[in-house]
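Asker:
Protein chains: 2
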Amino acid sequence: MNDIQPTRRKQAERRQGSETKILDTAEAIFAANGFNGTTMHQVAKAAGADTALLRYYFTDKDGLFDAVLKRRSHEVNAIRLTALDAYEASAGDAMTIEGILEAFTRPAFDLIAADEGWQNYAAIVAYINSSRGALRQVMSANFDVASQRVIALMRRAFPHADEREIYWGYHFFTGAFTFSIGQTGRIDVLSDGKVSSLDFDAICDRLVVTLGAGIRELCGRR
Amino acid sequence: MNDIQPTRRKQAERRQGSETKILDTAEAIFAANGFNGTTMHQVAKAAGADTALLRYYFTDKDGLFDAVLKRRSHEVNAIRLTALDAYEASAGDAMTIEGILEAFTRPAFDLIAADEGWQNYAAIVAYINSSRGALRQVMSANFDVASQRVIALMRRAFPHADEREIYWGYHFFTGAFTFSIGQTGRIDVLSDGKVSSLDFDAICDRLVVTLGAGIRELCGRR
DNA sequence: GTCTATACGGCGATAGAC
DNA sequence: GTCTATCGCCGTATAGAC
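Residue numbers (the numbering used here), protein chains in the order written: chain A, 1304 to 1525; chain B, 1304 to 1525.
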């Protein structure tokens, strides 16, 4: 099996390099300026390429945006589902809301803490999740599976709770979580630098404690 | 004092009517499509006016956006500060986190529940609060005073807590709150219609309970 | 106070050379 | 696979009539 010639391999590598470069660049600019605030020319220039090349790879602006999101959402979702499965298997009926939230959020915070690209991706997720526009459907398609998995586990952790309280608990959790991954810097300003919205370990620890206790109260567990 | 002639009064009323109409229309479109997703032509057409008239009143697109935000933020902030003052005066050292959150959020939810314009405004606040861009500074200027007031009261409610935990508690609360006023409809989909993100009374009640208990746990009160 | 007409730049998108 | 050149539209903004 030697049908891949050196030149062809080189082309493939080159393509891979360009594509990654473009995705990374687009990710950063989408994170900073939003979808409508970002132009193809901007991305092309910053990536050292041309708009025609972006179209060659991603068809149009929507395609580029989709590609930026899917690259990482598939990865983080797979990790999350694995972590949730593992937690359910190990805890069984002794499952706690803190354990569920930990399994869902820790993998994401770990990725974000270690990599600037993940930080940009997280900022995009944060603003999409708070928007009403058409963009939200893209996210829904990517995240509904993991969300429903969390809700199912919550139902098992609170078997006597009214189903609606479970949904409200998840709702508040999502709000706090997505705001936390958005790195808006607002709490940095309000606290005059005493805490930082980039301190992801601290945020994850406290998010689990705070929303865990809150949801337990809401869902009426002793 | 009769120096205002009938014609001048009519003009003033007409202006008032046009200005309000334009603000209401712009508010709805900004809420639906974001700042960069909204055009002056769109707003002008929907308001039954012309782009030149929008510029006559609001100078440019930024001015229009500012005007949309300020109209309501000034109003809700004044109500909030009054409510917080009243609560502090009545509760004194018996102040609870639930009482603080109630005073801060209930006025906003009441306004939103009763009026579509307020709903659009709230959606704008929600997405700005989750964005990194330049838009956030506008909000910061409008909301920092009320935010710092809440934080000051929280400090009094948890005199023994580490200051940083207060900030994190406020951070999670803001995330859950702004997400709740954004009416993204996401929880409606996830719950298959069993709860509605337009049910503001229900949300306010549960937000106070959930974040109240969570923050109490975080800030280490018995 | 409100509109018509228009300038001007930048946007997404395309054809085609290399 | 990558770029140059260019199109046509639509965005904000302006001048000036009514």
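Quick reminder that beta carbons are idealized off the backbone N, C-alpha and C, glycines included.
1. Does DSSP put A:Leu-1501 in a helix, a strand or coil?
2. Any idea what DSSP makes of B:Ser-1494, helix, strand or coil?
3. Use the C-beta contact count for A:Leu-1330: other C-beta atoms within 10 angstroms, 16 or more gives buried, fewer gives exposed.
4. Under a three-way DSSP split, which group does B:Phe-1338 fall into?
5. List, in chain order, every chain A residue whose beta-carbon is nearer than 7 Å to that of B:Leu-1521.
6. Using DSSP with H/G/I as helix, E/B as strand and the rest coil, what is B:Asp-1306?
7. For the alpha helix (DSSP H) holding A:Met-1398, just list the boundary residues, first then last.
8. Of the choices A:Ala-1460, A:Cys-1507, A:Gly-1517, whose alpha-carbon is the least far from that of A:Ala-1394?
9. Residues of chain A with CB closer than 8 Å to the CB of B:Arg-1493, please, in chain order.
10. Taking a cut of 7 Å between CB atoms, which residues from the region 1330–1354 of chain A lie near chain B?
11. Give the C-beta separation of B:Ala-1426 and A:Phe-1475 to the nearest angstrom, bearing in mind that I take them to be a contact with Cβ-Cβ under 8 Å.
12. Is there at least one Cβ from chain B nearer than 7 Å to A:Val-1371's Cβ?
13. Does any C-beta atom of chain B lie closer than 7 Å to the C-beta of A:Lys-1324?
14. Would you say A:Phe-1482 faces chain B, with C-beta separation under 7 Å as the test?
15. Per DSSP, what kind of secondary structure is B:Arg-1525 in: helix, strand or coil?
16. Taking the alpha carbon of B:Ala-1352 as the point to measure from, which residue in B:Leu-1372, B:Arg-1317, B:Ala-1335 has its own alpha carbon closest?
17. Mind pulling the chain A residues with CB within less than 9 Å of B:Ile-1283?
18. Could you tell me the alpha carbon to alpha carbon distance between B:Leu-1356 and B:Ala-1335, rounded to whole angstroms?
19. Pick out whichever of A:Lys-1348, A:Leu-1372, A:Met-1343 has its Cα sitting closest to the Cα of A:Arg-1358.
20. Looking only at C-alpha atoms, which of B:Gly-1517, B:Thr-1354, B:Leu-1372 sits nearest to B:Asn-1279?
21. What does the Cβ neighbour count give for A:Gln-1486, buried or exposed, with the cut at 16 atoms within 10 Å?
22. Beta-carbon of B:Thr-1328 versus every beta-carbon of chain A: anything under 7 Å?
23. Around the Cβ of B:Leu-1501, are there at least 16 other Cβ atoms within 10 angstroms (buried) or fewer (exposed)?
24. Within the 7 Å Cβ cut-off, does A:Ala-1460 reach chain B?
25. Quick check on this structure: which residue in A:Cys-1522, A:Gly-1517, A:Ile-1506 has the alpha carbon closest to the alpha carbon of A:Phe-1530?
26. Is DSSP giving B:Thr-1328 helix, strand or coil here?
27. CB-CB under 6 Å to B:Arg-1375, same chain, minus the five flanking residues each way: which ones, in chain order?
28. Count the other CB atoms within 10 Å of the CB of B:Glu-1520; is the residue buried (16 or more) or exposed (fewer)?
29. Compare the C-alpha of A:Gly-1472 against each of B:Asp-1465, B:Tyr-1470, B:Asp-1508, B:Gly-1472 and name the closest.
30. Going by CA-CA distance only, name the one from A:Val-1492, A:Phe-1503, A:Thr-1477, A:Gly-1496 that's closest to A:Leu-1514.
31. Which of the three DSSP states, helix, strand or coil, is assigned to B:Thr-1487?
32. Going by other Cβ atoms of all chains shown within 10 Å of its Cβ, with 16 needed for buried, is A:Ile-1307 buried or exposed?
33. Can you look up B:Gly-1478 in the DSSP assignment and give me helix, strand or coil?
34. Would you say the region 1375–1389 of chain B touches the region 1404–1411 of chain B, given that touching needs at least three Cβ pairs under 8 Å?
Answerer: A quick look at the data gives this:
1. Correct three-state label for A:Leu-1501: coil.
2. Assigned with DSSP and collapsed to three states, B:Ser-1494 falls in coil, not helix or strand.
3. A small fix is needed here, since residue 1330 of chain A is Glu in this sequence, not Leu. So A:Glu-1330 counts as buried.
4. If DSSP states are grouped into helix, strand and coil, B:Phe-1338 belongs with coil.
5. Those are Arg-1509, Val-1512, Thr-1513, listed as they occur along chain A.
6. Any reading at B:Asp-1306 must be qualified, since the residue scores a pLDDT of 46, below 50, and its modelled position is unreliable; no value is offered.
7. For A:Met-1398, there is no enclosing alpha helix (DSSP H), as DSSP marks it with neither H nor E.
8. Closest by alpha carbon: A:Ala-1460.
9. Note that residue 1493 of chain B is Leu in the sequence shown here, rather than Arg. Chain A residues near B:Leu-1493: Asp-1447, Ser-1450, Gln-1451, Ile-1454, Tyr-1470, Tyr-1473.
10. Cβ contacts with chain B: Ala-1334, Ala-1335, Asn-1336, Gly-1337, Asn-1339, Gly-1340.
11. Their Cβ separation, rounded to whole angstroms, is 18 Å, which puts B:Ala-1426 and A:Phe-1475 out of contact at 8 Å.
12. Any Cβ of chain B closer than 7 Å to the Cβ of A:Val-1371 would place that residue at the interface, and such an atom is absent.
13. No - not a single Cβ of chain B is within 7 Å of the one on A:Lys-1324.
14. By this cut-off, A:Phe-1482 is an interface position.
15. At B:Arg-1525, the pLDDT of 45 sits below 50, so the modelled position is not reliable; the number obtained from the coordinates is stated separately. Correct three-state label for B:Arg-1525: coil.
16. Of the candidates B:Leu-1372, B:Arg-1317, B:Ala-1335, the one whose C-alpha sits nearest the C-alpha of B:Ala-1352 is B:Arg-1317.
17. Because chain B here runs from 1304 to 1525, residue 1283 of chain B falls outside it and cannot be looked at.
18. Annotation: B:Leu-1356 to B:Ala-1335 spans about 22 Å, alpha carbon to alpha carbon.
19. Measuring from the Cα of A:Arg-1358, the nearest candidate turns out to be A:Met-1343.
20. The displayed coordinates of chain B run from 1304 to 1525. Any statement about residue 1279 of chain B would go beyond what the structure contains.
21. Buried: at least 16 other Cβ atoms inside 10 Å.
22. It does not: the Cβ of B:Thr-1328 has no partner Cβ on chain A nearer than 7 Å.
23. Per the 10 Å Cβ criterion, exposed.
24. By the rule that beta-carbons nearer than 7 Å mark a contact, A:Ala-1460 does not touch chain B.
25. What is shown of chain A runs 1304 to 1525, which leaves residue 1530 of chain A out entirely.
26. DSSP places B:Thr-1328 within a helical segment (H, G or I) once states are collapsed to three.
27. Short of 6 Å from the beta carbon of B:Arg-1375, and not among the five residues preceding or following it, lie these beta carbons of its own chain, in chain order: Tyr-1424.
28. By the 10 Å Cβ count, B:Glu-1520 comes out buried.
29. When the alpha-carbon of A:Gly-1472 is set against those of B:Asp-1465, B:Tyr-1470, B:Asp-1508, B:Gly-1472, the nearest one is in B:Asp-1508.
30. Per the Cα distances, A:Thr-1477.
31. Secondary structure at B:Thr-1487: coil, using DSSP grouped into helix, strand and coil.
32. Residue placement at A:Ile-1307 is flagged as unreliable, the pLDDT there being 47, under the threshold of 50; the coordinate-derived value follows with that caveat. A:Ile-1307 comes out exposed.
33. Helix, per DSSP.
34. Yes, the region 1375–1389 of chain B is in contact with the region 1404–1411 of chain B.
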